[in-house]
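In what follows, a structure is listed as structure tokens, so that the remarks can point back to it.
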Amino acid sequence: VSVATDPDRAARVLVVEDEMLVAMVLEDQLADAGFKVVGPAFSVEEAMRLAASEPLDGAVLDINLAGEKVYPVADLLAARNVPFVYVTGFGRAGLRETDQGRPMLQKPYLFASLEAIVRGWG
Amino acid sequence: LAALGGLGPRGPDGLIALEATAALFGRLEPAGVVEALLGTALRWSMASRALLVRLDPDGLRIEAEGAATDHGAEFIQRPAAPAPDDYLAALAHRVIRTDQVVQAGDAPQRRIGLPLPKDGELGEALCLEAGPSGRFSPETVALLTALARAGATALENARRMTALQNKVARMTPLYEANVMGVFAWDLAGRVTEANDAFLEIVGYSREDVARGLVNWERMTPPEYRERDEQAVAELMGDKQARPFEKEYVRKDGVRVPVMLGISRFEESLNEGVCVVIEISELKAAQARLADALSALQESRARLGTALQAGRMGVWRRRMSDDALDPSPELNVLLGYPPDQPLTVGEMLPGLLDDPAELSAARERAVATGQPVFEIEYAYQRPDTGEVRCFLVRNEIVRDAANEPQEIVGLVIDITERKQHEERQQLLLNELNHRVKNTLSVVLGIVDQTLRNTRSPGAFAEALQGRLQALSKSHNLLTDGVWQGAGLRDVLASELAAWVAPPGERIVLDGENLMVGPKGVVTLGLVMHELVTNAVRHGALSVPDGRIDLSWRLDDDQDLHIVWREHGGPPAPPPSRKGFGMQLLERGLAREFVGGVRIDFAPEGFRCEMRLSMARMAQT
């Protein structure tokens, strides 16, 4: 994903995370790194709406959202060919069989690791 | 040094320039840099007096002064910082305002002022008065300009270094919060400051810290050194290391398990702050689980001799025709009358796990010549519908030609043990999740506080308050077994100092609606920000100010909370959005799909929140 200084052309990254302070920090970090944050979405419902309607260059998905799984959002993004990375406290064992090849970061992770993945898209 | 080069034939030679630069940059104390700066200026310009003048919010101040004497220069550092006389003040003002070199006095030019360029809004000027016979030649002016520039940089470096040292000292209020262990570290292994909570975890005293006896490196058992090194490597890149678990060796030699979140100061690669949570409880739960597991394994091992212990059954099954010969106890376990002859076909419908797995395990054992194999399966009793968990130990009996003839099976009901194991695992996951979650919330607060405060003192104070607010919410949640807490209880606990009658300054009005854990944490933080703001700028900053805090549910199940201040000074909008505003607009409103309206009205600050009650109540 290329990062332009022009905010209108910055890569658009959907953030799905239900822990409010974590979402705020991630939003600030992505914005500091030159990305345009879409969201953050705190629920599957909200994330589905954004994933369906917004132009997106990528997404960061927390797997557990207030007891729900983020998978419908992941499937919608995959169908739209939007790359995404899972972030979860449960590690790779918590992923679906079909997601084993997907990039995943175990929480807590370093922002630099996430940034490297996001910059690698595109 | 480059700034000092190319001075022309009459300037001091390179050696002097080098010496001056070394003098400036070799000093780590701001006072030392100032002395070197004024001394060099006097020597190079043959001036009689050199002054460093600073523009403070309350006017111009002389920071330091040097005078030429027969044998060099004499310095006066001025901690009291007197105001300069009118003539000098006019000169310094012009220098700082224009950022230009200014010469003044009757010709020949007898006074000169040079700006010390820097990032801050307020500036400093180096002012010189020529000696009896002197004036400032163009070469000298060029030289002094370069010196002032180099001096400004050296001074800023020295001040930053001092500020950094003070930062650690000034973090004291944070440590006193004692919500969790906090200490200031450096890469030499030292613990330079620590709060009581940390000292309690590691069993050292405050005197031990003062005497330099507390050393995080020495407290770390050897097997964790490598993990520490990894964290240090992460800190170099990211300013924060991923939280991790390790152990410390307490002063009394006992090991204590901890989880750490480490940040380093932006200005220093070698120093930072570490947040420590003791996780003995978590580790004890892990140990209990391990005990339960090994007990289970042990009981499996003892199966052969445990027939008489009950809740077991035996059967023999002939390989040739699948004929089954169950013991009466097996019938009871499977939910049939003890004397009813059982067939394999009758047993199969009760199996909840795939029967193919059972036969696959058997075939594998037969093929590999293994004498015994074990398998666990879930079984639903046909009589009661109850689901039980069985462990089956199968022994393959072979004839003289080593051909399998029959299987002797031992069935043991391990339902209770299994349930216990699952409960332990659930509890452990929950505890683990909560500790990690709390740490990520704390790190989120640290990050946001760093973004929104400008001085270490303000950072420490703000962080302390926020961690205490979080801790109050956690106390409420612990009382409610983490299912939630009453809204009135949350507000009353966060605003405790202000809501107690008589003479209450904040009046609460609304029902004690049940709010889930996330709502409790977020509302606690929001209330802390609102009340802090009111104490600083709003209704609680004067004796007679009051706050009405009311809430109600509307017909759409939206929760309306209104914070209304009155009787205080008028509330002007802030110049920038601090953490409180960010929390309201980017946090609360979005987390609970609602809206926040903030009104800086002349009669007082007002904040209206509309939040989805369904979302707030979520557990």
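Chains as they are written, first to last, in my numbering: chain A, 56 to 177; chain B, 716 to 1334. Quick reminder that beta carbons are idealized off the backbone N, C-alpha and C, glycines included.
- Chain A has a Cβ within less than 8 Å of the Cβ of asparagine 1152 (chain B).
- With a minimum length of 3 residues, the unbroken runs of beta strand (DSSP E) contained wholly in the region 1016-1092 of chain B fall at 1027-1033, 1039-1041.
- For isoleucine 1129 (chain B), there is no enclosing alpha helix (DSSP H), as DSSP marks it with neither H nor E.
- Note that the region 1202-1213 of chain B does not touch the region 1288-1303 of chain B; fewer than 3 beta-carbon pairs, one per stretch, sit closer than 8 Å.
- Per DSSP, reduced to three states, the secondary structure at aspartate 83 (chain A) is helical.
- At least one C-beta of chain A is nearer than 8 Å to the C-beta of isoleucine 1160 (chain B).
- When DSSP states are grouped into helix, strand and coil, proline 936 (chain B) belongs to the coil group.
- In chain order, Ser1155, Gly1159 make up the part of chain B whose C-beta sits under 7 Å from the C-beta of valine 77 (chain A).
- Cβ neighbours of glutamate 750 (chain B) within its own chain (closer than 6 Å, five residues either side excluded): Phe790.
- Distance check between cysteine 842 (chain B) and each of B:Thr868, B:Trp1213, B:Asp923, B:Asp800 places B:Asp800 closest, using alpha-carbon atoms only.
- For aspartate 1054 (chain B), same chain residues with a beta-carbon under 8 Å away, outside a window of 5 residues either side, are Pro1043, Asn1046 in chain order.
- Following the DSSP letters along the chain, one finds isoleucine 1313 (chain B) inside the beta strand (DSSP E) bounded by residues 1310-1316.
- Secondary structure of asparagine 985 (chain B) (DSSP, three-state): coil.
- Bounds of any alpha helix (DSSP H) do not take in glutamine 161 (chain A); it lies within the beta strand (DSSP E) bounded by 159-161.
- Taking 4 residues as the shortest admissible run, the region 1258-1314 of chain B contains the following complete alpha helix (DSSP H) segments, listed from N- to C-terminal end: 1294-1297.
- If you check the CB distance, valine 68 (chain A) and valine 128 (chain A) do not come in under 8 Å.
- With a beta-carbon spacing of about 7 Å, tryptophan 1278 (chain B) and arginine 1321 (chain B) fall inside the 8 Å limit used to define contacts.
- Under the criterion of beta carbons closer than 8 Å, leucine 862 (chain B) and alanine 756 (chain B) qualify as touching, at roughly 6 Å.
- Pairwise C-beta distances place the region 1203-1221 of chain B out of contact with the region 924-944 of chain B, as fewer than three of them are shorter than 8 Å.
- Across the set B:Asn1117, B:Val1126, B:Val1087, the C-alpha of B:Val1126 shows the shortest separation from the C-alpha of alanine 1093 (chain B).
- A Cβ-Cβ separation of about 20 Å leaves histidine 1275 (chain B) out of contact with glutamate 1318 (chain B) under the 8 Å criterion.
- Annotation: the region 833-864 of chain B contains the following complete segments of the beta strand (DSSP E) (minimum length 3 residues), in chain order: 839-845.
- For proline 158 (chain A), the closest Cβ of chain B is not nearer than 8 Å.
- Counting along the chain, no alpha helix (DSSP H) covers valine 1196 (chain B), and no H or E run does either.
- Counting only runs of 3 or more residues that sit fully inside the region 765-808 of chain B, the beta strand (DSSP E) segments are 774-784, 787-792, in chain order.
- For the region 1291-1313 of chain B, the beta-carbon criterion of a distance under 9 Å to any beta-carbon of chain A is satisfied by Gln1297, Leu1298, Arg1301, Gly1302, Leu1303, Arg1305, Glu1306, Phe1307, Val1308.
- Of the candidates B:Val991, B:Val1235, B:Ile1221, B:Val1123, the residue whose Cα lies closest to the Cα of threonine 1247 (chain B) is B:Ile1221.
- Interface flag for lysine 91 (chain A) against chain B is unset, since no Cβ pair is found closer than 8 Å.
- Excluding the 5 residues flanking it on each side, glycine 976 (chain B) has same chain C-beta neighbours closer than 6 Å at Pro958, Val990, Leu1154, Leu1158, in chain order.
- Straight-line measurement puts the Cα of alanine 819 (chain B) at about 10 Å from the Cα of tyrosine 802 (chain B).
- Taking the beta carbon of glutamine 1163 (chain B) as reference, the chain A residues within 9 Å of it are Leu76, Met79, Val80, Asp83, listed in sequence order.
- Within the region 946-982 of chain B, the runs of beta strand (DSSP E) at least 3 residues long that lie entirely inside it are, in chain order, 955-964, 970-979.
- Burial state of glutamate 1226 (chain B) is exposed, judged by a 10 Å Cβ sphere holding fewer than 16 other Cβ atoms.
- A residue is called buried when at least 16 other Cβ atoms come within 10 angstroms of its Cβ; arginine 1181 (chain B) meets this threshold and is buried.
- Inclusion of leucine 766 (chain B) and glutamate 780 (chain B) in the CB contact set at 8 Å is warranted, their separation being smaller than that value.
- Here asparagine 1147 (chain B) carries a helix assignment [DSSP, helix/strand/coil].
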